[in-house]
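As given, the protein sequences belong to chains A and B, one line each in that order.
According to full-length UniProt numbering, the first sequence is numbered sequentially starting from 1.
According to full-length UniProt numbering, the second sequence is numbered sequentially starting from 1.
All remarks here apply to the structure that follows.
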Amino acid sequence: MSSFSVTEPSNRSKWFAGTLVILYALITMIPLAWIMLTGFKSPSDAISYPPKVVFEPTLEGYVNLFTTRTRQTQEYLDANPPETWYEEIVREYDMVIAGPSKFGERFLNSVIIGFGSTFLSIFLGTLAAYAFSRFKIPLADDLLFFILSTRMMPPIAVAIPIFLMYRQLGLSDTHLGMILLYTAVNISLAVWLLKGFIDEIPREYEEAALIDGYTRFQAFYKVVLPQAATGIASTAIFCLIFAWNEYAFAVLLTSGTAQTAPPFIPTIIGVGGLDWPAVAAGATIFLLPVMIFTILLRKHLLRGITFGAVRK
Amino acid sequence: MAQIRINNIRKDFGDFTAVKESSFTIEDGEFFMLLGPSGCGKTTTLRMIAGLELPTSGEIYLDGEEISQKPPSQRDIAFVFQMFALYPHMNVRKNLSYPLVSQGMARRDVKAKVEEVAGILGITDILNRPVGGLSGGDRQRVALGRAIVRDPKAFMMDEPLGALDAEFREHMAEELRALHDRMGATTVYVTHDQLEAMQMGDKIVVMNNAVVEQFGTPQEIYDKPATMFVADFIGSPSMNFLSFEGTVAEGATSVDMHGQAIGVPRQMQGDSGKLVFGVRPEHVILSDAGDYRGEVKATEYLGTTQIITLDTPNGELKARTGSDRIVKTGERLGIGFEAPKVTLFNEGSGQALRSELNNKVLSHG
C-alpha cells in the first residue's frame, strides 16, 4: 500500500474523521442521555435551574410512571407502615399507592400494534414486491405508482374520513383498527423498498431451484427470502419506527383499550403537577424496544442502507 | 438419457417473436449446440426445453412424452446457468445436495451421491467452503455438479463458459466434453461462439432472427451452408461472397462471372437475377496464370497460413494460402476456385441453390 493509495486514508484524515463522528455522536446523544438521566431525578432536581448534572438518583419517576397514588391522612399513614421500597418512596409525599397505572397496558398496546403492523406490512409487502418484481402484471407501473401515491400527502390529511369510517366499521379504539391503519401507511414504503431489494436478486437462483425440483413457492421461500433478508430487516425497522412513534392517529382514534404509549405519556404531565421524571422514565422505557430491535438487526441495516451503492 | 424432439415451437413475448416455428431433433447422448448471435432466440429455445418459459405453440417431446406445458420440476432436466446461479447462502455441499433433498432422498444417500459427484469433478476438498470465495472454474464445477448429481435425462447449458476468462475457457471446454463423453448424457448447449460450437458439438443448430437457419453436423454446416447467414457466421474468416448477375440453369456446372466461366458443383436448381458465389478462403487457388484476376489489397500472416485479401471484379475476396508464398500488395494474381466446394446463393432470399454438394443436407434440413 503506497502513500498515494486511494483506498487507504492517511492517519491524519482517519483521526479527523474519527473525531467528527465522535463529536456528532455526542451531540445527538445529549438529548437522549438527558432524558435517561431525568428519569432518575427527583421532581425538584428535574426542574432546578441551573440544571443539575450531578444529583442523587431516585426511582421516583419510575414508581410514579407505573402507579396511581392518593393522598392519605396522617392517621392512616401511621397505622399502615410502608411494606415495600416503592411505597416508601411515595410516603415521602404523604401518599399511598392506589394501584398500577395504565402505562403497562399502553406499552403492551404499542408492542402489539407496532410489531403487528410491521409484521403485516412486511408479509404483504414481500409478497407484493415479489409479484411486481417477477411476474408480468398488467398495468404494473400504474399499480406501483398508485401504491406510492398513498404517501404523497401526509397521512393525517385523511384523518377525518378515516375517523368517520372507523366509527362506522367499529374499528375505533381497537388493536385491529390501528394495525390495519399503520399497515396501510407502511405498505407502500414496504412494497417499494422490497421490490428494489428483490429486483437485485438474480432470477437464476429461483430458476435453478425450479429446475432442482422445487415449486415456485418453495423457491421463493428457500432461495429468495434468505437472499432478501437484508432488505426485509431494514424495511422492518423503518416500518416499526413509524408505527411505534405515530402520535396523531393514536390520539385521534384511540382513547381506552387500544391506546398506545405515545398519546399516553403526555397525559402523565397532567396528573399531580408537571411530573417530568415520570415522563422521562416513560420515554426511556418507550425507546427500548426499537433500540433493541435495531441492535438485533443492525448487521442487516447497514447493508440495507448502502444497498445498491456497491455493485456485487 | 433421452431423445428430445422439438416440433414447430414458437414463443411470443407480447408483439415480439423470440422463436418462430422451429423444429429439430436431439438424439440420445448427443452434445447438441444451439448457435447464433445474441438475441436470435437460442436461449429462449433452451429455456423452453427446460420449462423456464412455456412455448406459445408447438410441442417438445422428451423420450416420446410431450412436456412443453409441464413445470420444470416435472421434466427431469438439469440446467447450468451462465452466471452459475449457485445458491449464495449455502456452502458447496448444500448446493450439491439441494436437488437431491427436493426429491426426498435419504440423508445418507445424498451424502454418498454428493461425494461421488465431487470426486468426478475434483471438488472434494472444497465441499465445505462457502460458494462466495470460489474461483470461476470451481464455481463452474459446482454448477456442473449440481446438474449431474441427480442423473437427469438431459442437460441444458446456457453459455456455461461465457463467464470464464479466455485462458480457462479452453481447459473447461475440454473438461466439459470429456465429462459428456464419460456420462453420455444428452446435452443441449447454447453459445454464440462458432468456434466453441464446432469444437465441442456433435450437432449444431444455427439460429438467427428467431428462426432455425440450419441444423446438422459441424462439417455439414461448415462445408454446405444452407443460407448466406450460416456461411457468414461460421468460419474465420467467413465465407467469401462474390455477387454477380446472371442465370444458372439446372444441370449447369459453371457460372459466368465477369465474362469468365467459373466451375461450380452440378446445379440441381436453376435461378436467375442477383446471385452470390460463395467460397471458403481455403478453397481459393491463387496462381500467376488465369483470366479471372484480382489485385492484392492486404496480407495477414497467421503462422502456418496467411490470409490474402484481393479486390476482384465481383467484390472483395479473402484467400487462405500457405505462408511460404510471398505476395506483395498491389500485385495482380489469377484466381481459381475448387469447383466442387462452391455454393451459390440467391442474394434476395439468402438461400443456397441446390447442387450436388449440398442436396442431401438441404433436403433434410
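Yeah, the Cβ is synthetic: ideal placement off N, Cα and C, and Gly gets one too.
Are there 16 or more other CB atoms within 10 angstroms of the CB of residue i, so buried, or fewer, so exposed?
i                     : result
D271 (chain B)        : buried
F145 (chain A)        : exposed
S101 (chain A)        : buried
F215 (chain B)        : buried
L317 (chain B)        : buried
Y76 (chain A)         : exposed
A289 (chain B)        : exposed
D181 (chain B)        : exposed
Q103 (chain B)        : exposed
N346 (chain B)        : buried
S133 (chain A)        : buried
K328 (chain B)        : exposed
A252 (chain B)        : buried
K153 (chain B)        : buried
N358 (chain B)        : buried
residue 368 (chain B) : No answer is possible for residue 368 (chain B): the residues shown for chain B start at 1 and end at 365.
L297 (chain A)        : buried
Y182 (chain A)        : buried
P50 (chain A)         : exposed
residue 316 (chain A) : Absent from the model: residue 316 (chain A). The displayed extent of chain A is 1 to 312, so no value can be given.
T84 (chain A)         : exposed
Y292 (chain B)        : buried
A248 (chain A)        : exposed
E8 (chain A)          : exposed
DSSP three-state call for residue i: helix, strand or coil?
i              : result
W85 (chain A)  : helix
R47 (chain B)  : helix
P100 (chain A) : strand
F345 (chain B) : strand
Q260 (chain B) : strand
T260 (chain A) : coil
Q69 (chain B)  : coil
F327 (chain B) : The sequence given here places Val at residue 327 (chain B); Phe does not occur at that position. It is coil, neither helix nor strand.
T304 (chain B) : coil
G14 (chain B)  : coil
F233 (chain B) : helix
D223 (chain B) : helix
Q351 (chain B) : strand
R5 (chain B)   : strand
F79 (chain B)  : strand
P205 (chain B) : Note on identity: in this sequence residue 205 (chain B) is Val, with Pro being the wrong assignment. V205 (chain B): strand per DSSP, three-state reduction.
Which residue wins for smallest C-alpha separation from residue i, given the options the options?
i              : options                        : result
A228 (chain A) : A:A129, A:L143, A:F163         : A:A129
L252 (chain A) : A:I122, A:I237, A:L189, A:T174 : A:T174
E21 (chain B)  : B:A50, B:E30, B:I60, B:Q3      : B:I60
D125 (chain B) : B:N91, B:K153, B:R108          : B:N91
V290 (chain A) : A:G196, A:F115, A:H300, A:F119 : A:F115
V117 (chain B) : B:V248, B:K153, B:G136, B:R141 : B:R141
T247 (chain B) : B:K274, B:S323, B:A147, B:M239 : B:K274
A140 (chain A) : A:P161, A:S172, A:S117, A:V191 : A:V191
A243 (chain A) : A:Y49, A:D275, A:I112          : A:I112
Q306 (chain B) : B:V211, B:L179, B:S236         : B:S236
G36 (chain B)  : B:A231, B:G315, B:R293, B:A319 : B:A231
H192 (chain B) : B:D165, B:A178, B:I234         : B:I234
T230 (chain A) : A:H300, A:I35, A:L124          : A:H300
F123 (chain A) : A:L274, A:P277, A:P9, A:A236   : A:A236
D324 (chain B) : B:G336, B:I335, B:I308, B:F337 : B:I308
Can residue i be considered in contact with the ligand MG, in the sense that its beta carbon sits closer than 7 Å to one or more heavy atoms?
i             : result
V63 (chain A) : Although the ligand MG was asked about, the structure shown includes no ligands whatsoever.
Taking three-plus beta-carbon pairs below 8 Å as touching, is the stretch 248-265 of chain A in contact with the stretch 200-211 of chain A? no
Below 8 Å, can you find three or more Cβ-Cβ pairs linking the stretch 86-96 of chain A to the stretch 62-78 of chain A? yes
Evaluate contact between the stretch 204-220 of chain B and the stretch 38-50 of chain B, counting only Cβ atoms and requiring at least three cross-stretch pairs below 8 Å. yes
Using 8 Å as the Cβ pair cut-off and three pairs as the minimum, do the stretch 272-285 of chain B and the stretch 295-302 of chain B touch? no
Segment contact flag, the stretch 128-140 of chain B with the stretch 49-63 of chain B, C-beta cutoff 8 Å, min 3 pairs: no
Give the residues from the stretch 214-244 of chain A that approach chain B closer than 7 Å (Cβ to any Cβ), ordered along the chain. Y214, T215, V223, P226, Q227
Could you tell me whether the stretch 210-217 of chain A touches the stretch 146-155 of chain A, where touching means 3 or more Cβ pairs closer than 8 Å? no
Below 8 Å, can you find three or more Cβ-Cβ pairs linking the stretch 30-43 of chain B to the stretch 274-289 of chain A? no
Can you list, in chain order, the residues of the stretch 101-132 of chain A whose Cβ is nearer than 7 Å to any Cβ on chain B? none
Contact list for the stretch 52-69 of chain B against chain A, Cβ threshold 8 Å: L52
Taking beta-carbon pairs under 7 Å, can you tell me which members of the stretch 176-208 of chain B lie near chain A? none
For the stretch 202-213 of chain A, which residues have a beta carbon sitting closer than 7 Å to at least one beta carbon of chain B? P202, E204, Y205, E207, A208, L210, I211, D212, G213
Chain A contacts made by the stretch 116-147 of chain B, where a contact means CB separation under 9 Å: A143, R146, A147
When you compare the stretch 220-234 of chain B with the stretch 188-199 of chain B, are there three or more beta-carbon pairs, one atom per stretch, that lie closer than 8 Å? yes
Using Cβ-Cβ distances below 9 Å, what residues of the stretch 235-251 of chain B are close to chain A? none
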